[in-house]
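Colleague:
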Amino acid sequence: MKPFVVSYNLEDMNINFQGNKVVRRYRDIKNIFLNKDEELEKENPVIYEVFEAPVPENEGDLMFLITILYPGKVKGEFFMTKGHYHTVENTGEVYMGLRGKGLILCQTKEGDFEAVPIEPNKVVYIPPFWAHRSVNISDEPLVFFAVYPAHAGHDYGTIEKTGFLKRVFSKDGEVSFVENK
Ligand code: F6R
Ligand code: ZN
2 MKPFVVSYNL
12 EDMNINFQGN
22 KVVRRYRDIK
32 NIFLNKDEEL
42 EKENPVIYEV
52 FEAPVPENEG
62 DLMFLITILY
72 PGKVKGEFFM
82 TKGHYHTVEN
92 TGEVYMGLRG
102 KGLILCQTKE
112 GDFEAVPIEP
122 NKVVYIPPFW
132 AHRSVNISDE
142 PLVFFAVYPA
152 HAGHDYGTIE
162 KTGFLKRVFS
172 KDGEVSFVEN
182 K
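Residues 2 to 182 in my numbering are what the sequence shown spells out, letter by letter.
1) Quick one: what does DSSP say Y71 is sitting in, helix, strand or coil?
2) Looking at the structure shown, is G103 part of a helix, part of a strand, or coil, going by DSSP?
3) Quick test of the definition: if touching needs 3 or more C-beta pairs under 8 Å, does the stretch 130-145 touch the stretch 80-91?
4) Between V125, R134, S139 and Q19, which lies nearest to H155 when the distance is taken from Cα to Cα?
5) Give me the Cα-Cα distance between R28 and E42, rounded to the nearest whole angstrom.
6) Taking 7 Å as the cut-off, is the CB of Y149 close to at least one heavy atom of the ligand ZN?
7) Tell me which same chain residues have a C-beta within less than 6 Å of the C-beta of V124, skipping the five on either side of it?
8) Work out the CA separation of F18 and F65 for me, nearest whole Å.
9) Please indicate yes or no: does the CB of H133 lie closer than 7 Å to some heavy atom of the ligand ZN?
10) What are the complete beta strand (DSSP E) segments, minimum 3 residues, inside the stretch 89-142?
11) Looking at P118: is its Cβ nearer than 8 Å to the Cβ of R100?
12) Suppose contacts are defined by Cβ-Cβ distances below 8 Å. Is P57 in contact with G20 by that definition?
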């Protein structure tokens, strides 16, 4: 393949990355939240979108993308992504904040847990073996750029079974962590 360039514009939120686009609506991912919300069930809004570049999933290639995670809450729990381990577990990832404010929840299968902030002017490093989930704690879209080894693959099943160790709620206008039982 040849070198290429893609473009994005945060002013009108036009992301022209020319690869696969993933759209996740409330009903697609409602099971990740602690509680159900009838209004959201009816409206079925887009919770997040992922705009990938057209990079093949080969070892040596680097996949890159932009995620837009919209603001909102499900009974107080901030909108978030499904979260995953990489199938090839020894692969890390870099997230760079472009807009909004969020947390990246990270955890290992050994039970380590960290929540690291993401926002413009911050770059987050997710080491190999750490699952990751993004949470939008602001009232505007959380937008971030990500790059990772293109052969990494995504294991969603493990997180679907175990969840993350903590959930993030808005409580009295503050960000509050709740143990996931
Ligand atoms: C890729 C990666 C991110 C997420 C995206 C959506 O390895 O970590 O690009 O894929 O932010 O989150 P998930 O994939 O958890 O639905
Ligand atoms: Zn990832």
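Even glycine gets a Cβ: it sits at the ideal position worked out from N, Cα and C.
Modeller: Here's the rundown:
1) Within the sequence shown, the letter at position 70 stands for residue 71. Note: Y71 maps to coil in three-state DSSP.
2) In the sequence shown, counting from the first residue as 1, residue 103 sits at position 102. Here G103 carries a strand assignment [DSSP, helix/strand/coil].
3) The stretch 130-145 is in contact with the stretch 80-91.
4) Numbered from 1 along the sequence shown, position 154 holds the residue referred to as residue 155. The shortest Cα separation from H155 among V125, R134, S139 and Q19 belongs to R134.
5) The residue you call residue 28 lines up with position 27 of the sequence shown. The residue you call residue 42 lines up with position 41 of the sequence shown. Those two C-alpha atoms are separated by around 6 Å.
6) Position 148 of the sequence shown, counted from the start, is the residue given in the question as residue 149. Relative to the non-hydrogen atoms of the ligand ZN, the Cβ of Y149 comes within a distance shorter than 7 Å of at least one.
7) If you number the sequence shown from 1, residue 124 lands on position 123. Excluding sequence positions up to five before and after V124, its CB lies within less than 6 Å of the CB of M97, all in the same chain and listed in chain order.
8) Position 64 of the sequence shown, counted from the start, is the residue given in the question as residue 65. Position 17 of the sequence shown, counted from the start, is the residue given in the question as residue 18. Straight-line Cα distance between these residues: approximately 9 Å.
9) As a first step, residue 133 is located in the sequence shown; it is residue number 132 there, counting from the start. Yes.
10) 94-100, 103-108, 114-119, 124-127 and 132-137, all fully within the stretch 89-142.
11) Within the sequence shown, residue 118 is the residue found at index 117, counting from 1. Within the sequence shown, residue 100 is the residue found at index 99, counting from 1. Taking 8 Å as the Cβ cut-off, P118 and R100 do not qualify as a contacting pair.
12) One-based indexing of the sequence shown puts residue 57 at position 56. One-based indexing of the sequence shown puts residue 20 at position 19. The Cβ atoms of P57 and G20 lie no closer than 8 Å to each other.
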